[in-house]
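Okay, so here's the structure we're looking at.
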Amino acid sequence: AGHGTYMAQSDTGWKQPQDKESPVTLDYMETAEYTIEVETPGLYYLILDYKPMRDTLADFNVAITVNDTAAYEEMKNIRLPLYWADETKEFPTDRYGDQVAPRQVRREDWTGIYLYNNTYITCDPLLFAFAKGTNTIKITNISNDGLGLGTMKAEAPEETLPSYEEYRRQYSASLVTSLVTIDSNEYIEKNTTQAIYASENNPALMPHDSEYKRINTLEWTEAGSEVTYAFEAPKDGFYQIAFHYKNSKEEFDVFNTVRIDGGIPFCELKNYAFHSTGSSWANEVLKGEDGKPYEIYLTEGVHRISLRSEQEPIVEAYRLARLVSEHVMQLELEITKITGSNRDKNRTWQMTRYLPEIPDYLSAYTTLIHHIQYSLQYYTPNGVNSAILSYLDKALDFIAKMAEYPDEIALHKENLTSGRDNSVLKSMSNFTTELVTQDFTLDRIYVYGNEELPRAKATLLSALGNSLETLIHSFTSDKFKQKNDPEALNIWVNRAMTHVDLLQKMADTEFTPKTGIKVKISIMPDANKLTLAQAADETPDMALGLLSHLPFELASRGALYDLTEFADFWTVADRFVPGSFVPYIYNEGVYAIPETLDFYALIYRKDIYENLGLTPPDTWQEVTEQLPALQRYGMNFYHNISSGVGYKWYYQTSSLILQNNGRLFTEDGLSTAIDQPNGVKGLKALGDLFIAYSIPKEVISFFDSFRYGTLPVGIVNLNDYILIKNGAPELEGQWRLSDYPGTVQEDGSISRWYIANGTGGIIFKDSKKAEEAWEFLKWWTDDETQVNYTYTLQSTYGKTFVWLSSNVAAVKEAPFDQADKEVILDQIVWLRDITRTPGQYMLERSISDIWNAMINDGVTAQVAIDEQVIGINREINRKMKELGFFDKDSNLVKPYIIRDVDWVIEQINLAKQEVE
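Using our numbering, you'd call the opening residue of the sequence shown number 422 and step up by one each time.
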């Protein structure tokens, strides 16, 4: 083993060697260098001390070289997890008496960890090859600013852990007589925000209350998640350990490694299997195959016990399933090269003349899938007939049918990859997704001796009694009633309960003490209820979380307060992306404040692009220039219009109209402008991508196609980004975001306009608390509140709870990786939601029909547009009459003014000048 000193390299050059007392801070893409002396060449573990030096939610990721070499791919991206604890163990309650999760706080002290593979394919750390003498280790921060580095050491791995029998022979003691109970909510640290609290109304869990929610479980689903508890052993001796847990993974084991005081006592505690329990609970006593409980020696005093989720037992099956999936996609591509994308179903094919390997391929798939079933049958109670393995049976059925008539496989190639309902690829993808999910929920840990454990399940009598009490409370409790409080500012929110609870908590602790304004926030499961509430004169004072089309619809009926009537509105508006206001404008009034954004960007597989010698395309012209190189290797480009059903939305169809300086409506807003030259140009450019350049017009799952490399580049939004980042850990470090492709203008500049929909907040016109509501909107959307909300939401409920604020300053502080954040900030400048006008829904539907006519029916862009324009303008005319802008003879009787992003920018700038 050896210990290292290091020097860190930054923009200012080399720094002097440091230690934990005065660490070196690495910002994004900065590098530190260590030197370690070893006497014996060989493979070593690396242990690194690190800490966050700045406020962050995201784990750090580093790339490592040893003697200027990355010996394997995993060295290019290694996770350094942040560690978390509860701010308080006195769980707060909401206004109804229900417990809510406490704020999670990041550990600020030093953490020393072994370096692991990011996907945790083994419960052992990574091994690094060291030469005799001096070895140089370089660490580059590839994620976020503010990584503090301390000391590093190399450690030779132990040859093997002892078996339980060997471990047991080391001690001479007796089994104690005691029972120590550790509640799941008493953890002292965890290495992920994905281990989250939950509440279950079950009398077998502690704590429990039939009327009020009590936090009583902790659950996690990702491999590598580790939770640590502290407990006190009353005296020296042997103890048994049991877990009161639930494994909701359908008919399949999950695996955890158990550590005591940081170490694994014996090898049987690595990858320990917890059997499936379905929706019920069980007590799992750590025991051997003979059913005899393990006895673990503990000294009197405080100890630590850790559970870490593992997937080592299933890794081989996972890899083979991925191999089958990847090869199936390649086979489908080879068939498509021969038949073309529009194959003739009336033709008699003899595919084995072109691809004689087809029968062998299908046979190999069958053999591999049977091997997967065999290897996993020991982890399920029903053997190969378990639910999770049924996906493989479906894949085998498709393969068997194709194997009967391999020459006709071209007629049924959708059975390989593209079947809408199912296919070999979809079955295998569903299988791999389910396989790696570690659905583990913990209630209590028991450390005990000669004692009887509490029941794992509630008695029938207590369960029935609890159900009856819960039913009674559902009729009597105020929490199930949505009614306004005359003494408070009433806000309805169209979001999940987790979001609403947090907002109420922040309003109670920050907004109300600051302003004296009492706030009542209620969940609104259906935003359409606002229209009914308006008709019944039961509207709240304000509403949040509305999709971008709703404020216009309500404003056009006179239901909303024009926010520009507040004197400081345009000053406040400077917080936001100007294009996000566009859908909220009605006749020069602005009727909503943006709350959240979406973004669109290019995503590409860095590994594939490097292999092909390509750089990410910056414009649509570069996209088309790259397509031959991609298609030559059976790959293609993904446009987001290819997802979903036949109906296409504005955000899918109309960005190229804007990039080509077209408009959706004429300047007076009384008719469509898509038939003007630039509108036609934009829609033709969209159609050409599919007609002239053959990008796929239908993609069942871009996520799977991106993972398997058949679509290594495409357009994604925030939800796609979250899915790829969290759902494809095997691709970590192999993909990047880049700018949304633009269109070159006459002056050489690039227009990147894209359409994206966010959510907004409104004030109702009949509210008697309009001023108070405006104060709330200003507080809710200011920099500090949005940053706090973003961080608290994600740290409390996990990394998939991403809040992309409409506040630009808050986006700059959001917990994205630095490289991704830079791209997102560049893209939101180009966000431009659609101008809403009466009858605009007909335009959206008609542009969708235009795309379908061009792509599916071969109609030219001009003809397809001309066929739709009359109907669009007729509907606009009808709605203008309904809203009183036209008389019955279609004469304009009151002005209708349409405004776009340029007007918003102009008003914000005028407000700045007035302040100056």
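Built from N, CA and C at the ideal position, the CB exists for glycine as well.
- Taking every protein chain shown into account, the CB of I809 has 16 or more other CB atoms within 10 angstroms, so this residue is buried.
- L1158 is the residue among G554, V1165, L783, L1158 whose C-alpha sits nearest the C-alpha of F1237.
- Contact check for S969 and G1181: beta-carbon distance about 6 Å, within the 8 Å limit, so the pair qualifies.
- Taking a contact to require three or more Cβ pairs closer than 8 Å, the region 1248-1265 and the region 949-962 do not qualify as touching.
- When rounded, the separation of the alpha-carbon atoms in T891 and K926 is 25 Å.
- For A1191, the enclosing alpha helix (DSSP H) begins and ends at 1191-1201.
- For L728, the uninterrupted beta strand (DSSP E) run begins and ends at 722-731, by DSSP.
- By alpha-carbon distance to S599, the top candidate from P523, E653, I1326 is E653.
- With a minimum length of 4 residues, the unbroken runs of alpha helix (DSSP H) contained wholly in the region 994-1065 fall at 1027-1033, 1041-1053.
- Boundaries for G1182: no alpha helix (DSSP H) harbours it, while the beta strand (DSSP E) harbouring it runs 1180-1184, taken from the DSSP string.
- Between V868 and I681, the C-beta gap is not smaller than 7 Å, which leaves the two residues out of contact.
- Ranking L1079, G1055, I1006, N668 by CA distance to the CA of I1183 puts I1006 first.
- Closest in C-alpha terms to V1229, from the list T1202, P1150, G645, comes T1202.
- From the listed residues V706, T936, N623, the smallest Cα separation to Y660 is found for V706.
- Its chain contains T1221, V1223 as the residues whose beta carbon lies nearer than 8 Å to that of I1143, once the 5 sequence neighbours on both sides are disregarded; these appear in chain order.
- DSSP places L570 in the uninterrupted beta strand (DSSP E) bounded by 568-576.
- Counting the other Cβ atoms within 10 Å of the Cβ of W531 gives fewer than 16, which makes it exposed.
- Contact between A1177 and Y1021 holds: CB atoms are separated by about 6 Å, below the 8 Å threshold.
- For H629, the secondary structure class from DSSP, reduced to helix, strand or coil, is coil.
- When the Cα atoms are used, Y1262 and G1067 turn out to be separated by approximately 16 Å.
- Under the rule that a run must span 3 or more residues, the beta strand (DSSP E) segments found entirely inside the region 854-911 read 861-869.
- From the listed residues T613, E580, L467, the smallest Cα separation to I560 is found for L467.
- For F481, the enclosing beta strand (DSSP E) covers residues 481-487.
- DSSP, reduced to helix, strand and coil, places K611 within a strand of the structure shown.
- Contact annotation: S1269 and K1069 have beta-carbon atoms nearer than 7 Å.
- N538 sits in coil when the DSSP states are folded into three classes, being neither helix nor strand.
- The C-alpha of I558 lies about 10 Å from the C-alpha of M573.
- Secondary structure note for L965: its beta strand (DSSP E) is the uninterrupted segment 963-968.
- Taking 7 Å as the cut-off, the beta carbon of P972 is found no closer than this to the beta carbon of Y1025.
- Per DSSP, the unbroken beta strand (DSSP E) holding Q525 starts and ends at 525-527.
- The Cβ atoms of R524 and T1206 do not sit closer than 7 Å to each other.
- Around I793, the same chain offers A738, L741, A742, L813 as residues with beta carbons nearer than 7 Å, after the five sequence neighbours per side are excluded.
- Taking 7 Å as the cut-off, the Cβ atoms of N668 and F861 count as close.
- In the displayed model, S848 falls within a helix according to three-state DSSP.
- Straight-line measurement puts the Cα of F664 at about 12 Å from the Cα of H696.
- Per DSSP, the continuous alpha helix (DSSP H) segment holding V1229 begins and ends at 1229-1233.
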